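Worksheet for the structure shown next.
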Amino acid sequence: MQDLNWLDNKLEKLESISCIISLPPHKIVFAESSTADYIYYIHEGYIKCYYNTADGKEIIISINKKNELIDLPAILLNKKHNAFAKTISHCVVWKIAGEDFKQLLLQDAEMAYNVTRLLCLYINKSYSRLETLLASDT
């Protein structure tokens with residue numbers, strides 16, 4: 004997903020409801036089809052989101068970096084994870100309970116607006132990828 008360009012006071016609010024964890028490279032953050040109880044803010048490092056095909060091929064959906072949230076749609080839609088997430092490098096992530104994050108959005112209109120904007124950027128990026136795929140099939 005896209006960088007939110009968080010303001011310091013918003014980061015402080017996010018950090019206050021987070022459990023800060025340090026993860027080594029190649030550590031699974033969450034598995035496909037597992038219950039999405041948390042979102043993850045990347046404070047440092049890189050995390051890839053991917054799924055495996057039936058024949059064992061890994062399809063990378065995104066590479067996420069510092070200041071990005073991962074798996075926001077699953078939390079907001081009360082869905083299971085639709086992919087795996089694994090660290091590429093050493094990472095420091097803020098693990099945030101989904102319900103706490105939702106409460107924060109309900110209490111802070113500016114943060115809710117920024118998250119809405121983030122989701123719109125994500126949709127636009129998905130449309131661009133789809134157009135590229137469709138164009139390459141013709």
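Under our numbering, the first residue of the sequence shown is numbered 4, with each subsequent residue one higher.
All residues carry an ideal CB built from backbone N, CA and C; glycine is no exception.
Remember, predicted model here, so these are calculated numbers, not experimental data.
Residue 54 is bridged by DSSP to 62.
In the structure shown, the three-state DSSP call for residue 83 is strand. The C-beta separation of residue 99 from residue 67 comes to about 15 Å, leaving the pair out of contact by the 8 Å criterion.
Around the beta carbon of residue 50, a 10 Å sphere encloses 16 or more other beta carbons of the protein chains shown; the residue is thus reported as buried. Going by DSSP, residue 98 is part of the beta strand (DSSP E) stretching over 94–100. Check the Cα spacing between residue 43 and each of 123, 107 and 70: the tightest is with 70.
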